[in-house]
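Engineer:
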Amino acid sequence: METRRLGESDLFITPIGLGSWALGGGNNPYGWGSQDDKESIETIRCAIDLGINWIDTAKGYGHGHSEEIVGKAVSGLRDKVIIATKCGILWKEDGSDIYGHLKKESIRQEVESSLKRLGTDYIDLYQIHWPLPDEDIEEGWEAIFGLIQEGKVRFGGVSNFSVEQLKRILDIHRVTSLQPPYSMIKRDTEKELLPFCKTNNIGVIVYSPMQSGLLTGKFSASPAAEFPEDDWRKNNPDFQEPLFGIHMELIEKLKPIAARHNQPLGNLAVNWVLGNEYVTGAIVGARRPSHIQETIKTLELKLNEDDIAEIDSLLTEHAKRIQESE
Ligand SMILES: NC(=O)c1ccc[n+]([C@@H]2O[C@H](COP(=O)([O-])OP(=O)(O)OC[C@H]3O[C@@H](n4cnc5c(N)ncnc54)[C@H](OP(=O)(O)O)[C@@H]3O)[C@@H](O)[C@H]2O)c1
40 METRRLGESD LFITPIGLGS WALGGGNNPY GWGSQDDKES IETIRCAIDL GINWIDTAKG
100 YGHGHSEEIV GKAVSGLRDK VIIATKCGIL WKEDGSDIYG HLKKESIRQE VESSLKRLGT
160 DYIDLYQIHW PLPDEDIEEG WEAIFGLIQE GKVRFGGVSN FSVEQLKRIL DIHRVTSLQP
220 PYSMIKRDTE KELLPFCKTN NIGVIVYSPM QSGLLTGKFS ASPAAEFPED DWRKNNPDFQ
280 EPLFGIHMEL IEKLKPIAAR HNQPLGNLAV NWVLGNEYVT GAIVGARRPS HIQETIKTLE
340 LKLNEDDIAE IDSLLTEHAK RIQESE
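Using this note's numbering, the first residue of the sequence shown is number 40, and each one after it goes up by one.
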């Protein structure tokens with residue numbers, strides 16, 4: 040599979056990486072309902088067999104369970120896989136919520152526990168998960184720089200940072216990558232943030248390209264009511280009225296475009312983000328092998344100029360509908 044250089048690093052990533060948030064399971068306020076560990080490991084191995092060469096995880100996913108699953112899945116395959124994980128999000132002692140913490144000593148402790156869970160002695164890409172608290176982003180970034188010098192981390196990245204926050208850390212140490220949200224229906228990063236990354240040679244790995252499953256088009260009624268209590272999407276506005284109905288109007292109009300190319304809608308969504316010139320790679324979530332077996336076929340999809348113009352016009356109309364609903 041084609042690979043692309045991530046920023047100015049030595050990491051050459053496939054256009055699609057596997058996201059493992061959902062593999063952290065449920066039983067927490069940011070979980071995805073119950074998830075079978077055996078199936079999770081099969082999903083990761085399937086992605087590697089398909090040629091995907093990077094996996095995104097985080098300590099915050101399922102209290103570290105996602106990292107444990109990644110560690111088990113890549114055991115014996117470490118040299119084939121680029122592991123990207125994150126720090127800076129901690130769980131409250133009672134497990135009821137998360138908070139941002141970027142103090143140097145805390146990050147130093149976090150990296151040790153991540154290395155242990157991942158069963159490795161180095162992390163390829165270590166990312167600050169959220170710029171929280173804002174006043175500590177410089178300290179957190181310096182801590183990551185220290186870990187690079189010690190050889191525990193190969194490259195450093197950040198997630199959910201603004202242009203202003205990126206500017207504040209660029210002088211401390213090179214930023215290999217930014218991980219922002221980006222999908223057909225979440226395009227706030229397009230105007231300023233993504234071009235800024237290009238200008239500064241920061242690689243861009245976008246998350247939730249299928250809007251956490253919404254843009255697969257598989258939800259037809261009111262999904263919020265159907266999600267289990269421990270699936271974070273249950274309380275997410277995109278999966279509730281009025282937004283869900285507006286998204287569904289768009290989804291129904293996009294489906295024929297995907298069908299013209301014999302592709303599922305989710306693949307149109309992933310292909311569309313990969314079409315953005317500033318995007319290095321897309322992190323796609325999958326909970327079972329069949330998910331990733333299907334999603335990878337997006338790399339065979341070649342949209343023509345008419346498709347792109349039609350999608351553009353539908354997305355503009357959708358953005359207008361959202362604005363009117365606010
Ligand atoms: N840095 C951050 O703050 C941040 C935030 C969010 C995500 N991320 C990263 O980005 C990754 C991807 O984001 P995401 O998981 O939110 O969203 P996504 O890739 O947009 O959607 C993934 C979800 O869609 C469903 N799905 C996937 N393939 C499917 C298929 N072929 N058919 C039907 N359903 C399918 C699955 O959930 P169901 O089957 O349950 O519907 C899957 O978990 C995460 O795993 C994580 O690594 C990072």
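Glycine included, C-beta positions come from ideal geometry on N, C-alpha and C. Remember, predicted model here, so these are calculated numbers, not experimental data.
1) Helix, strand or coil: how does DSSP classify A325 here?
2) How long is the line joining the alpha carbons of A325 and I80, rounded to whole angstroms?
3) My output table needs one value for L250: the three-state DSSP class, helix, strand or coil.
4) Taking the alpha helix (DSSP H) that I208 falls in, what are its first and last residues?
5) Per the DSSP calculation, I167 is bridged to which residue(s)?
6) With a CB to CB cut of under 8 angstroms and the five nearest residues on each side skipped, what residues in its chain are close to E178?
7) Give a yes or no on contact between the stretch 57-68 and the stretch 263-271, applying the rule of three or more CB pairs nearer than 8 angstroms.
8) Mind pulling the alpha helix (DSSP H) runs of 4 or more residues that sit fully within the stretch 245-327?
9) Short check: CB of A321 to CB of V214, under 8 angstroms?
10) Going by C-alpha distance, which of R360, I91, G110 and L164 is nearest K155?
11) Here's the rule: buried if 16 or more other CB atoms are within 10 angstroms of the residue's CB, otherwise exposed. What is P248?
12) Which partner residues does F51 have in the DSSP bridge list?
13) Assign I108 to buried or exposed, taking buried as 16 or more other Cβ atoms, counted over all protein chains shown, within 10 Å of its Cβ.
14) Identify whether I224 lies in helix, strand or coil by the three-state DSSP scheme.
15) Would you call G242 buried or exposed, if buried means 16 or more other Cβ atoms sit within 10 Å of its Cβ?
16) Going by DSSP, what residues sit across from V192 in a beta bridge?
17) When you compare the stretch 123-133 with the stretch 145-152, are there three or more beta-carbon pairs, one atom per stretch, that lie closer than 8 angstroms?
18) Any idea what DSSP makes of L232, helix, strand or coil?
19) Can you tell me where the alpha helix (DSSP H) with S152 in it begins and where it stops?
20) Where DSSP assigns a beta bridge to Y138, which residues make up the other side?
21) Pick out whichever of E132, V150, P170 and A123 has its Cα sitting closest to the Cα of G139.
22) Looking only at its chain, what residues have a beta carbon closer than 7 angstroms to the beta carbon of K273, apart from the 5 residues adjacent to it on each side?
Structural biologist: Reading off the structure:
1) coil
2) 11 angstroms
3) According to the sequence shown, residue 250 is Gln rather than Leu. Residue state, collapsed to three classes: coil.
4) V202 to L209
5) C126 and V197
6) L141, K142 and K143
7) yes
8) 262-265, 282-299 and 304-313
9) no
10) G110
11) buried
12) R44
13) buried
14) coil
15) buried
16) I162
17) yes
18) helix
19) K143 to L157
20) L129
21) P170
22) A263 and F266
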